[in-house]
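Numbering (the working numbering), first residue to last: 478 to 627.
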């Protein structure tokens, strides 16, 4: 039978593997979007860069906090167990890391929505500028930023 210590180690290994792979792949995507984007999709690459940065930070924060969410039996609440590197810096650091992690996940969902909206609107020959894209990203960043600081 597997003990708690072995299970914790297994989860730490999984967090490190998936978080590390996600960080590396998002870094590759970021470099490709910056340096090798064809001119035809140069404007859309702004959204790809935003998405790659957000997801890369989320992967790094996942390695940092290594959160496990466990439900309490017969109750409507959950326990958040953080086994990552943040535990060496104190509970407050883990809480801030978790808040930033949720912030990146929220912004990632908003970025996905912006990406779909851009691809839908471009079908109707709507012209965008890079400034418009930045303004939309910033406007959608505000709710996740408020979540991060509260």
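Glycine included, each C-beta is placed from N, C-alpha and C at the ideal position.
### Message
With the cut-off set at 8 Å, would you say residue 510 and residue 529 are in Cβ contact?
### Response
yes
### Burial state of residue 559, where buried means 16 or more other Cβ atoms lie within 10 Å
buried
### Query
For residue 543, does the count of other Cβ atoms within 10 angstroms reach 16, so buried, or fall short, so exposed?
buried
### Query
alpha helix (DSSP H) containing residue 524: first to last residue?
521-542
### Query
Under the DSSP definition of a beta bridge, which residues are partnered with residue 558?
545
### Message
Comparing C-alpha positions only, which one of 539, 503, 605 sits nearest to residue 562?
### Response
539
### Continuous alpha helix (DSSP H) stretch holding residue 574: start and end
568-599
### Query
Ordered along the chain, which non-local residues of its own chain (more than five positions away) have a Cβ less than 6 Å from that of residue 621?
580, 583, 584
### Query
Between the C-alpha atoms of residue 590 and residue 531, what's the straight-line distance to the nearest angstrom?
14 Å
### Task
Could you spell out where the alpha helix (DSSP H) holding residue 609 opens and where it closes?
607-626
### Query
With burial defined as no fewer than 16 other Cβ atoms inside 10 Å of the residue's Cβ, what is the status of residue 492: buried or exposed?
buried
### Message
Within 8 Å, do at least three Cβ pairs link the region 568-577 to the region 541-557?
### Response
yes
#### Entry: Secondary structure of residue 552, DSSP reduced to three states
coil
### Message
Helix, strand or coil, according to DSSP, for residue 513 in the structure here?
### Response
coil
### Query
Around the C-beta of residue 533, are 16 or more other C-beta atoms found within 10 angstroms, so that it is buried, or is it exposed?
buried
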